[in-house]
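Numbering (this note's numbering), first residue to last: 995 to 1264. Below is one structure; the comments refer to it alone.
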Ligand SMILES: C[S@@+](CC[C@H](N)C(=O)[O-])C[C@H]1O[C@@H](n2cnc3c(N)ncnc32)[C@H](O)[C@@H]1O
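See the structure below:
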C-alpha cells in the first residue's frame, strides 16, 4: 500500500461517479441493497460509501423508516453522495475511517461495505470495528473484487500500462481493488475479529461502457491509479489515458464495449 492508495480527492470523485459507477458498481449495489432488504433492519451503517451508489440503492430498496448512516474516509466522495441523494433527512452522513468508527457499540442491525475493505491497511481492525457497532446477530455484508484476470477491462488496461512503463508498472489495480480476493485470508481475518460464521457468494456481471476511452478514463482518472501514473509521467495523465484507450480498442473494438466482472459478496454474522 502506498500513501496515495486511499486518497480519493481532487478530480477523482467526479470521474469516479461519472464513469466507474455505472460501469462496474451499480449492479453490485442493487445486489447488496436487496440482501439488506431481506434482513429487515431498523438501523444500517454503510462504511466506505464513496459517491453513494449503494446508499441510493438502499434508500430505494429499504422502507422509509429504516435509518441509514453513510460514512467514508474521504469527505469529497461523500460530498458527491450527498449532492446526488438530494434533499431530505433520510440519510445521516459522517466522515469516518472504517478502522475507527465514531459510533456507539451495538448501534446497528447491519453494516454494509461495498468494495471498501481492501483499502483498510488493518483489515482485522476494520472487521472488529464493524463487529463492535453491530447488535448481536447483526450482519456485516461486504464485497471485494475477484483477482484481476477475472475482470476483463482492468486486465487489459493493466497489460497496456505494463507495456508503457516496463521498468516500474503502476500496480494500483493489482495492489488495491484487486489485491484482496483470497477467501481463506478473508475468512481467517474475520475469525480474528471474532465473527462467528460467514458465507460467500461469487457474483458475475457484465460491465458496459460507451467507448474504451470512457472505460479507461474511469479507471485512470476516477481512482488513485491516476496518482500512480502521475508519479511516473508527471503531467501526462490525459495522454496516457488516451494511449491506453487505443490499446483496449484492439481487444474490445471502438464501442460500445462490454467485459466480464467478478466479485465476492461476503456475509458475516456477529
Ligand atoms: C472503490 S471505492 C468504493 C465506494 C463505494 N462503496 C462504491 O461502491 O462505489 C473505495 C472507497 O473507500 C474509501 N476508503 C478508503 N479508505 C478508507 C477507510 N480507511 N475508511 C473508510 N473509507 C475508506 C474511499 O474514500 C472510497 O470512497
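Heads up, the beta-carbon is just placed ideally off N, CA and C, and yes, glycines get one too. Just so you know, these numbers come straight off a predicted model, no measurement behind them.
The alpha helix (DSSP H) runs lying completely inside the segment 1000-1048 and spanning 4 residues or more are 1006-1009 and 1020-1033, given in chain order. Membership of residue 1136 in the beta strand (DSSP E) is indicated by the continuous run 1128-1139. Looking at the backbone, the Cα of residue 1125 and that of residue 1247 are separated by about 46 Å. With contacts defined by Cβ atoms closer than 8 Å, residue 1146 and residue 1254 form a contacting pair. Around the C-beta of residue 1095, 16 or more other C-beta atoms lie within 10 Å, and the residue is accordingly described as buried. DSSP places residue 1198 within a strand segment (E or B) once states are collapsed to three. Contact between the segment 1044-1056 and the segment 1014-1033 is present: 3 or more CB-CB pairs across the two stretches fall below 8 Å.
Rounded to whole angstroms, residue 1032 and residue 1176 show a C-alpha spacing of 27 Å.
Just measuring C-alpha positions, the residue of 1051, 1053, 1038 and 1262 sitting nearest residue 1181 is 1262. Cβ-Cβ distances below 6 Å link residue 1221 to 998 in the same chain, with the five nearest sequence neighbours on each side left out; the list follows chain order. For secondary structure counted as the alpha helix (DSSP H) over 4 or more consecutive residues, the segment 1159-1247 holds these complete runs in sequence order: 1166-1169, 1177-1186, 1206-1215, 1219-1226 and 1231-1246. Put simply, of 1148, 1132 and 1131 the residue whose alpha carbon is nearest the alpha carbon of residue 1139 is 1148. Setting aside the 5 residues that flank it on each side, residue 1183 is surrounded in the same chain by 1117, 1118 and 1121, each with a C-beta closer than 8 Å to its C-beta; the list follows chain order. Boundaries for residue 1252: no alpha helix (DSSP H) harbours it, while the beta strand (DSSP E) harbouring it runs 1251-1263, taken from the DSSP string. At a cut-off of 7 Å, the beta-carbon of residue 1023 counts as near ligand 1: some heavy atom of the ligand is closer than that.
Its Cα nearest to that of residue 1142, the residue 1171 stands out among 1161, 1129, 1127 and 1171. According to the DSSP assignment, residue 1104 belongs to the beta strand (DSSP E) that extends over 1102-1108. When the five nearest sequence neighbours on each side are left out, the beta carbons in the same chain lying within less than 6 Å of the beta carbon of residue 1113 are those of 1000, in order along the chain.
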